[in-house]
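Using this note's numbering, read the sequence shown as starting at 4 and increasing by one per residue. In this text, a Cβ means the ideal position worked out from N, Cα and C, and glycines have one as well. As the structure is a prediction and not an experimental result, all values here were calculated from the model. A quick write-up on the structure given underneath.
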Amino acid sequence: MSLPPCPKCNSEYVYEDQTNLVCPECAHEWNPNEIDEDAFEVKDANGTVLADGDKVTVAKDLKIKGSSQVIKIGTKALVRRVLDKKDHELDCKVDGVGEMMVTAKFVKKA
Numbered sequence: 004m005s006l007p008p009c010p011k012c013n014s015e016y017v018y019e020d021q022t023n024l025v026c027p028e029c030a031h032e033w034n035p036n037e038i039d040e041d042a043f044e045v046k047d048a049n050g051t052v053l054a055d056g057d058k059v060t061v062a063k064d065l066k067i068k069g070s071s072q073v074i075k076i077g078t079k080a081l082v083r084r085v086l087d088k089k090d091h092e093l094d095c096k097v098d099g100v101g102e103m104m105v106t107a108k109f110v111k112k113a
C-alpha cells in the first residue's frame, strides 16, 4: 500500500500510526480521511484567493529591497507559485523587473 507524501514537507517517508499518518522528518501528523480545513489561502488586496498561474497587477508602488528600483503601481506579474509563508507569499515574474517574491496584500488579481 502506497502512502501519500507529507503535505508540509513532501517527504516520502510517511508511516501509519493508528488512524493518522506521521512524517518523521517534520513531525507533522494528519488524518488522511479528514478534509484539511487549515489549508492555507493567500488573498490579494481585495480578498480574492490567489493560485499558481494567476496574473496580478501591483496595487501600490513597491521598493525593491537592496536596490534603488521601484515597481510602479499597475505593473503586471505572473504568479509562478503560491507559498505558505508569513511574508512574501508569491513567487512572481514581474514585467520589466524579473523574478522575485512579492507579498500578496500588495497585488490585485487581474
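heavy atom of the ligand FAD below 7 angstroms from residue i C-beta
| i | result |
| --- | --- |
| Arg83 | Questions concerning the ligand FAD fall outside what the structure shown contains, since it holds no ligand whatsoever. |
C-beta contact flag for residue i and residue j at 8 angstroms
| i | j | result |
| --- | --- | --- |
| Glu92 | Val45 | yes |
| Ile74 | Val97 | yes |
| Glu32 | Tyr16 | no |
| Pro8 | Pro35 | no |
| Val25 | Asp55 | no |
| Met43 | Asp90 | A quick correction: the sequence has Phe, not Met, at residue 43. Contact flag unset, no. |
Of the residues the options, the one placed nearest residue i, counting alpha carbons only
| i | options | result |
| --- | --- | --- |
| Asp94 | Met104, Asp87, Val100 and Lys88 | Met104 |
| Ala30 | Pro10, Thr51, Gly77 and Asp87 | Pro10 |
| Ala80 | Gln72, Leu86 and Val61 | Val61 |
| Gly99 | Asp90, Lys88 and Ile76 | Ile76 |
| Arg84 | Asp57, Gly69, Asn23 and Asp90 | Asp57 |
DSSP bridge partner residues for residue i (one or two, in chain order)
| i | result |
| --- | --- |
| Ile74 | Leu65 |
| Asn23 | Asp20 |
| Lys79 | Thr60 |
| Glu32 | Val25 |
| Lys46 | Val52 |
query = Are the region 56–66 and the region 94–109 in contact at 8 angstroms, needing three or more beta carbon pairs?
reply = A contact exists between the region 56–66 and the region 94–109.
Complete beta strand (DSSP E) runs within the region 82–113 (minimum length 3 residues, chain order) = Taking only runs of at least 3 residues, the beta strand (DSSP E) segments lying wholly in the region 82–113 are 93–97, 101–105 and 110–112.
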